[in-house]
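Chemist:
Number of protein chains: 2
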Amino acid sequence: MSSDADHHEPEAKRAKTEDSNNTGDADIHLDLKDFAKFKFGEVLKEDPVRKTLALKATVDGSTDPAVVFLEKSAFTEECGKKILESDTTLKQTFHNDIYGSYTGFPQQELNGVKVTIIHPATGKHIAKFSAKESIIVNETPQLYKDVLLEHLKESAFNVQWVYNILEHRSEQERIVCEDADPETGFVLVPDLKWDGESLESLYLQALVHRRGLRSIRDLTADHLPLLRNIHDKGCEAIEKKYGVPASELRVYFHYQPSYYHLHVHFTSVQFDAPGTHVGKAHFLSTVINNLELVPDYYQRATLTYYLPRSDPLADKLRRATDGVSAE
Amino acid sequence: MSSDADHHEPEAKRAKTEDSNNTGDADIHLDLKDFAKFKFGEVLKEDPVRKTLALKATVDGSTDPAVVFLEKSAFTEECGKKILESDTTLKQTFHNDIYGSYTGFPQQELNGVKVTIIHPATGKHIAKFSAKESIIVNETPQLYKDVLLEHLKESAFNVQWVYNILEHRSEQERIVCEDADPETGFVLVPDLKWDGESLESLYLQALVHRRGLRSIRDLTADHLPLLRNIHDKGCEAIEKKYGVPASELRVYFHYQPSYYHLHVHFTSVQFDAPGTHVGKAHFLSTVINNLELVPDYYQRATLTYYLPRSDPLADKLRRATDGVSAE
Numbered sequence: 057m058s059s060d061a062d063h064h065e066p067e068a069k070r071a072k073t074e075d076s077n078n079t080g081d082a083d084i085h086l087d088l089k090d091f092a093k094f095k096f097g098e099v100l101k102e103d104p105v106r107k108t109l110a111l112k113a114t115v116d117g118s119t120d121p122a123v124v125f126l127e128k129s130a131f132t133e134e135c136g137k138k139i140l141e142s143d144t145t146l147k148q149t150f151h152n153d154i155y156g157s158y159t160g161f162p163q164q165e166l167n168g169v170k171v172t173i174i175h176p177a178t179g180k181h182i183a184k185f186s187a188k189e190s191i192i193v194n195e196t197p198q199l200y201k202d203v204l205l206e207h208l209k210e211s212a213f214n215v216q217w218v219y220n221i222l223e224h225r226s227e228q229e230r231i232v233c234e235d236a237d238p239e240t241g242f243v244l245v246p247d248l249k250w251d252g253e254s255l256e257s258l259y260l261q262a263l264v265h266r267r268g269l270r271s272i273r274d275l276t277a278d279h280l281p282l283l284r285n286i287h288d289k290g291c292e293a294i295e296k297k298y299g300v301p302a303s304e305l306r307v308y309f310h311y312q313p314s315y316y317h318l319h320v321h322f323t324s325v326q327f328d329a330p331g332t333h334v335g336k337a338h339f340l341s342t343v344i345n346n347l348e349l350v351p352d353y354y355q356r357a358t359l360t361y362y363l364p365r366s367d368p369l370a371d372k373l374r375r376a377t378d379g380v381s382a383e
Numbered sequence: 057m058s059s060d061a062d063h064h065e066p067e068a069k070r071a072k073t074e075d076s077n078n079t080g081d082a083d084i085h086l087d088l089k090d091f092a093k094f095k096f097g098e099v100l101k102e103d104p105v106r107k108t109l110a111l112k113a114t115v116d117g118s119t120d121p122a123v124v125f126l127e128k129s130a131f132t133e134e135c136g137k138k139i140l141e142s143d144t145t146l147k148q149t150f151h152n153d154i155y156g157s158y159t160g161f162p163q164q165e166l167n168g169v170k171v172t173i174i175h176p177a178t179g180k181h182i183a184k185f186s187a188k189e190s191i192i193v194n195e196t197p198q199l200y201k202d203v204l205l206e207h208l209k210e211s212a213f214n215v216q217w218v219y220n221i222l223e224h225r226s227e228q229e230r231i232v233c234e235d236a237d238p239e240t241g242f243v244l245v246p247d248l249k250w251d252g253e254s255l256e257s258l259y260l261q262a263l264v265h266r267r268g269l270r271s272i273r274d275l276t277a278d279h280l281p282l283l284r285n286i287h288d289k290g291c292e293a294i295e296k297k298y299g300v301p302a303s304e305l306r307v308y309f310h311y312q313p314s315y316y317h318l319h320v321h322f323t324s325v326q327f328d329a330p331g332t333h334v335g336k337a338h339f340l341s342t343v344i345n346n347l348e349l350v351p352d353y354y355q356r357a358t359l360t361y362y363l364p365r366s367d368p369l370a371d372k373l374r375r376a377t378d379g380v381s382a383e
């Protein structure tokens with residue numbers, strides 16, 4: 057549910073070659089000192105929490121649009137100090153007893169904005185930076201059988217990379233802990249998003265050895281030994297290697313997951329990790345507890361989650377229910 | 057897990073009377089135009105995602121410290137337009153093919169910072185704005201009985217303001233929808249954090265008429281008519297008044313809640329609302345489903361949540377379990 061300005065070089069190259077109607081524009085980035093050549097087109101996305109704004113703009117002398125992504129910079133200690141100690145004017149909005157609310161105008165050099173400019177921008181870039189409307193889906197057991205199982209078959213998600221890790225054909229040196237038992241075993245590896253060092257942003261994944269478990273929908277009380285084993289051995293290995301105790305670990309599944317081979321996320325509770333909102337994250341402790349209370353809980357439960365309105369799955373669910381919003 | 061600058065007048069008054077060693081300082085907010093009288097003390101909390109910074113500062117001529125809370129302002133469409141069309145200088149950080157990264161310096165008046173100043177600030181204000189280490193708690197039914205119920209008695213949370221709304225003694229003009237039934241009825245009002253207009257950040261709360269339901273822990277299958285009524289009538293009223301359909305509403309409880317009179321949150325799924333992470337938010341649809349599967353689900357479930365390590369409740373739980381992390 058959040059866009060960002062990340063990019064990878066290969067994608068950029070592909071985009072340029074395949075999609076842009078490159079008219080031989082001079083490289084705009086060679087000598088850009090201001091927005092004089094830019095004209096505001098439209099807002100693609102506003103994020104008032106993260107303080108970002110994605111814009112589409114036209115550029116003088118070019119037939120291709122640009123994406124301009126603005127992000128307010130974070131405060132550092134140094135910058136907070138300078139704002140207090142340099143000439144910052146304050147304009148009062150209101151005050152009430154001991155509380156006062158102001159707009160402050162720090163000196164320009166303390167108040168930079170991160171600007172990312174993509175030019176020439178293709179339709180794919182525009183789509184990537186545009187707001188995506190989400191909808192709520194209440195997936196009943198019936199919808200799971202009728203729509204999700206079909207969707208998974210058609211989409212044929214490739215999990216060969218998972219098998220490569222489990223069979224020690226790749227990332228072998230990254231394994232933090234392994235239990236080779238074919239029924240209850242798993243491999244614990246650092247998540248690709250983690251730098252492997254900063255304990256605050258600690259992020260690992262446990263991949264189960266057992267095949268055929270796609271997601272929490274496949275779990276029953278029969279899998280309790282597997283789930284308890286992942287919790288206990290996973291937490292133990294992380295405490296031993298990184299010194300972070302179980303009381304500071306968030307241990308959870310995603311539903312829908314990003315790939316359909318059962319896996320568990322371990323992140324630090326000190327870190328506002330992506331994908332930890334309700335409707336996405338399911339605590340392993342809650343899953344264990346639900347299966348203890350109802351052995352076939354995940355075959356009987358209605359699971360609520362979000363989908364982008366434009367997701368093909370949202371479309372399939374809508375067709376199956378004549379209105380996804382109906383409970 | 058995020059601090060904010062919210063406050064209520066009564067709290068401010070209480071804090072002043074009970075806690076501050078008020079030395080008769082002149083009201084600093086009467087004529088404050090800059091930070092000339094302030095000296096940087098220390099950083100209380102940095103939030104690089106939301107772009108906020110909480111500082112402790114000393115104030116010339118006062119023995120009490122101040123809390124200064126800085127927050128970069130969100131971009132509006134108008135402001136994005138002006139940044140592109142006025143004189144904004146760009147300093148390149150790097151460029152690579154069609155991507156360029158810059159620091160932009162918009163004109164000062166386009167780049168205000170929200171500043172909240174609390175003075176004189178008490179120890180409680182300092183604590184409220186300081187970074188808090190979190191821990192994970194697995195609250196078993198036994199811990200709920202032994203620790204939580206006692207804690208609620210001792211803390212004697214005041215919900216008079218809720219009764220004032222339910223009895224039409226305050227905020228009467230803000231009521232969006234009311235069902236007066238003493239068993240299944242509720243009052244729907246805009247949340248204080250919502251401006252009441254921007255549909256993207258839509259936020260309402262339903263307060264149940266029935267007394268004695270403190271939180272989801274008190275719910276059983278007997279309350280299903282109440283819960284279904286809140287869902288259906290609440291969503292219907294919001295669609296009618298604001299045009300936002302149920303498929304775009306996140307409807308949920310908090311556990312632990314911020315006050316112990318049962319209430320339900322309604323927010324727009326297009327908005328990354330605070331308090332929607334797993335371990336805090338519980339979908340009303342999931343609660344209904346759990347009670348359909350297990351009539352006494354919430355008396356039998358282990359509920360997992362976060363607490364600041366310094367929370368008195370964390371301490372009580374730790375003493376009761378000899379180590380909160382144990383499952």
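For the protein sequence lines, the chains are F and Z, in the order given. Heads up, my numbering is the position in the first sequence plus 56, with the first residue counted as 1. Heads up, my numbering is the position in the second sequence plus 56, with the first residue counted as 1. All C-beta atoms, glycine included, are put in the ideal place defined by N, C-alpha and C. Because the structure is a prediction, the values reported are computed rather than measured.
1) Check whether chain A comes within 8 Å of Ala262 of chain Z, counting only Cβ atoms and requiring the distance to be less than that.
2) Using the Cα positions of Phe327 of chain Z and Ile344 of chain Z, report the straight-line distance between them to the nearest angstrom.
3) Near Cys135 of chain F, what residues of its chain come up, given a Cβ to Cβ distance below 6 Å and the 5 sequence neighbours on each side ignored?
4) Going by the DSSP bridge assignment, what does Asp103 of chain F pair with across the sheet?
5) Compare the C-beta of Gly117 of chain F against all C-beta atoms of chain Z and say whether one is closer than 8 Å.
6) Going by C-alpha to C-alpha distance, which of F:Leu208, F:Thr377, F:Thr276 sits closest to Pro313 of chain F?
7) Could you tell me if Ala122 of chain Z is buried or exposed, where buried requires 16 or more neighbouring beta carbons within 10 angstroms of its beta carbon?
8) Per DSSP, what kind of secondary structure is Ile344 of chain F in: helix, strand or coil?
9) Could you tell me which chain Z residues have their CB closer than 7 Å to the CB of Lys128 of chain F, listed as they occur along the chain?
10) By the 10 Å Cβ neighbour count, where 16 or more other Cβ atoms means buried, how is Leu86 of chain Z classified, buried or exposed?
11) Helix, strand or coil: which one does DSSP assign to Phe96 of chain Z?
12) For a contact meaning CB atoms closer than 9 Å, what does Tyr362 of chain F contact in chain Z?
13) Quick check: what's the CA-CA separation for Ala187 of chain F versus Lys101 of chain F?
14) What does DSSP give as the partner residue(s) for Val124 of chain F in the beta ladder?
15) Taking the beta carbon of Lys297 of chain F as the centre, do at least 16 other beta carbons fall within 10 Å, making it buried, or is it exposed?
16) Determine the extent of the alpha helix (DSSP H) in which His287 of chain F is found, giving its start and end residues.
17) Between the Cα of Thr342 of chain F and those of Z:Ala357, Z:Gly331, Z:Pro330, Z:Glu348, spot the shortest distance and give me the residue it belongs to.
18) For a quick check, are the C-beta atoms of Ala130 of chain Z and Pro301 of chain F less than 8 Å apart?
19) What is the C-beta distance between His338 of chain F and Tyr311 of chain F, in whole angstroms, given that I count them as a contact (C-beta under 8 Å)?
20) Using a Cβ-Cβ cut-off of less than 7 Å, list which residues of the region 270 to 300 of chain F approach chain Z; keep chain order.
21) Rank Z:Asp120, Z:His319, Z:Val193 by C-alpha distance to the C-alpha of Tyr219 of chain Z and give the top, closest one.
22) Buried or exposed, going by whether 16 or more other CB atoms sit within 10 Å of the CB of His224 of chain Z?
23) Along the chain, where does the beta strand (DSSP E) containing Ala262 of chain F start, and where does it finish?
24) Quick one: does Asp328 of chain Z have its CB under 8 Å from some CB of chain F?
25) Quick check on DSSP: helix, strand or coil for Leu248 of chain F?
26) If the cut is a Cβ gap below 8 Å, which residues of chain Z does Val220 of chain F touch?
27) Could you give the first and the last residue of the continuous alpha helix (DSSP H) run that contains Gln326 of chain Z?
28) Under 8 Å between the Cβ atoms of Ile191 of chain Z and Glu229 of chain F?
29) Which residue or residues does DSSP assign as beta-bridge partners of Glu234 of chain F?
30) Among Z:Leu244, Z:Asp143, Z:Ile173, Z:Ser142, which one has its Cα closest to the Cα of Asn152 of chain F?
31) Looking at the structure shown, is Ser157 of chain Z part of a helix, part of a strand, or coil, going by DSSP?
32) Pick from F:Ala110, F:Pro162, F:Gly156, F:Lys201: whose alpha carbon is nearest that of Phe185 of chain F?
33) Just mark Phe309 of chain F as buried or exposed, buried being the case when its beta carbon has 16 or more other beta carbons within 10 Å.
34) With 9 Å as the limit, tell me which residues of the region 193 to 207 of chain F have their beta carbon closer than that to any beta carbon of chain Z; keep them in chain order.
35) Just confirm the distance between the C-beta atoms of Leu363 of chain Z and Val203 of chain Z, as a whole number of angstroms; I'd bet it's less than 8 Å.
36) Between the alpha carbons of Ser142 of chain Z and Leu88 of chain F, how many angstroms are there, rounded?
Modeler: By the coordinates alone:
1) Here chain A cannot be found, since the structure's protein chains are F and Z.
2) By one-based count along the second sequence, residue 327 of chain Z stands at place 271. By one-based count along the second sequence, residue 344 of chain Z stands at place 288. Approximately 24 Å between the Cα atoms of the pair.
3) As a position in the first sequence, residue 135 of chain F is number 79, starting the count at 1. For Cys135 of chain F, where only same-chain residues beyond five positions count, the Cβ hits under 6 Å are Leu166.
4) Numbered from 1 along the first sequence, position 47 holds the residue referred to as residue 103 of chain F. DSSP output for Asp103 of chain F lists F:Thr108 as bridge partner(s).
5) If you number the first sequence from 1, residue 117 of chain F lands on position 61. Not one chain Z Cβ lies under 8 Å of Gly117 of chain F.
6) If you number the first sequence from 1, residue 313 of chain F lands on position 257. The residue with the shortest Cα to Cα distance from Pro313 of chain F is F:Leu208.
7) Within the second sequence, the letter at position 66 stands for residue 122 of chain Z. Buried.
8) Here the question's residue 344 of chain F lines up with position 288 in the first sequence. Ile344 of chain F: helix per DSSP, three-state reduction.
9) Here the question's residue 128 of chain F lines up with position 72 in the first sequence. Simply Lys107, Lys128.
10) Along the second sequence, read from residue 1 onward, the residue named residue 86 of chain Z stands at position 30. Its Cβ having fewer than 16 others within 10 Å, Leu86 of chain Z is exposed.
11) As a first step, residue 96 of chain Z is located in the second sequence; it is residue number 40 there, counting from the start. Strand at Phe96 of chain Z.
12) As a working note, residue 362 of chain F is residue 306 in the first sequence. By Cβ distance, chain Z contributes Arg306, Val325.
13) On the first sequence, position 131 is the one that residue 187 of chain F refers to. On the first sequence, position 45 is the one that residue 101 of chain F refers to. Cα-Cα distance, rounded: 5 Å.
14) Counting from 1 along the first sequence, the entry for residue 124 of chain F is found at position 68. Val124 of chain F is bridged to F:Leu111, F:Ile173.
15) Stepping through the first sequence from its first residue, residue 297 of chain F is reached at position 241. So Lys297 of chain F ends up on the exposed side.
16) Position 231 of the first sequence holds residue 287 of chain F. The continuous alpha helix (DSSP H) containing His287 of chain F extends over residues 280 to 298.
17) Taking the first residue of the first sequence as position 1, residue 342 of chain F is located at position 286. Nearest option by C-alpha distance: Z:Ala357.
18) The count along the second sequence starts at 1 and reaches residue 130 of chain Z at position 74. The count along the first sequence starts at 1 and reaches residue 301 of chain F at position 245. Against a cut-off of 8 Å, the Cβ pair of Pro301 of chain F and Ala130 of chain Z comes out as no contact.
19) Working through the first sequence from its first residue, we reach residue 338 of chain F at position 282. Working through the first sequence from its first residue, we reach residue 311 of chain F at position 255. Their Cβ separation, rounded to whole angstroms, is 6 Å, which keeps His338 of chain F and Tyr311 of chain F in contact under 8 Å.
20) none
21) One-based indexing of the second sequence puts residue 219 of chain Z at position 163. For the residues Z:Asp120, Z:His319, Z:Val193, the minimum Cα distance to Tyr219 of chain Z belongs to Z:His319.
22) On the second sequence, residue 224 of chain Z is found 168 positions in, with the first residue counted as 1. Under this definition His224 of chain Z is an exposed residue.
23) For this step, residue 262 of chain F is matched to residue 206 along the first sequence. Where Ala262 of chain F is concerned, the enclosing beta strand (DSSP E) stretches over 259 to 264.
24) Along the second sequence, read from residue 1 onward, the residue named residue 328 of chain Z stands at position 272. Chain F, which has a Cβ nearer than 8 Å to the Cβ of Asp328 of chain Z, makes this yes.
25) As a first step, residue 248 of chain F must be located in the first sequence, where it is residue number 192. In the structure shown, Leu248 of chain F sits in coil (DSSP, three-state: anything other than H, G, I, E or B).
26) Position 164 of the first sequence, counting from 1, holds the residue named residue 220 of chain F. With the sequence shown as reference, residue 220 of chain F is identified as Asn, and Val is not the correct amino acid for it. Chain Z residues near Asn220 of chain F: none, gap ~30 Å exceeds 8 Å.
27) The count along the second sequence starts at 1 and reaches residue 326 of chain Z at position 270. It is not in any alpha helix (DSSP H) - Gln326 of chain Z carries neither H nor E in the DSSP assignment.
28) As a first step, residue 191 of chain Z is located in the second sequence; it is residue number 135 there, counting from the start. As a first step, residue 229 of chain F is located in the first sequence; it is residue number 173 there, counting from the start. Remark: C-beta atoms of Ile191 of chain Z and Glu229 of chain F do not approach each other more closely than 8 Å.
29) Numbered from 1 along the first sequence, position 178 holds the residue referred to as residue 234 of chain F. Glu234 of chain F pairs with F:Val243.
30) Here residue 152 of chain F corresponds to residue number 96 of the first sequence, with the count starting at 1. Closest by alpha carbon: Z:Ile173.
31) Position 101 of the second sequence, counting from 1, holds the residue named residue 157 of chain Z. Ser157 of chain Z: strand per DSSP, three-state reduction.
32) One-based indexing of the first sequence puts residue 185 of chain F at position 129. Distance from the Cα of Phe185 of chain F is smallest, within the candidate group F:Ala110, F:Pro162, F:Gly156, F:Lys201, for F:Ala110.
33) For the purposes of this step, residue 309 of chain F is identified with residue 253 of the first sequence, where counting begins at 1. With 16 or more other Cβ atoms within 10 Å, it is buried.
34) Within the region 193 to 207 of chain F, those residues whose Cβ lies closer than 9 Å to any Cβ of chain Z are, in chain order, Val193, Asn194.
35) The count along the second sequence starts at 1 and reaches residue 363 of chain Z at position 307. The count along the second sequence starts at 1 and reaches residue 203 of chain Z at position 147. So it is not a contact: roughly 12 Å between Cβ atoms.
36) Within the second sequence, residue 142 of chain Z is the residue found at index 86, counting from 1. Within the first sequence, residue 88 of chain F is the residue found at index 32, counting from 1. If I take the Cα positions, the gap works out to 15 Å.
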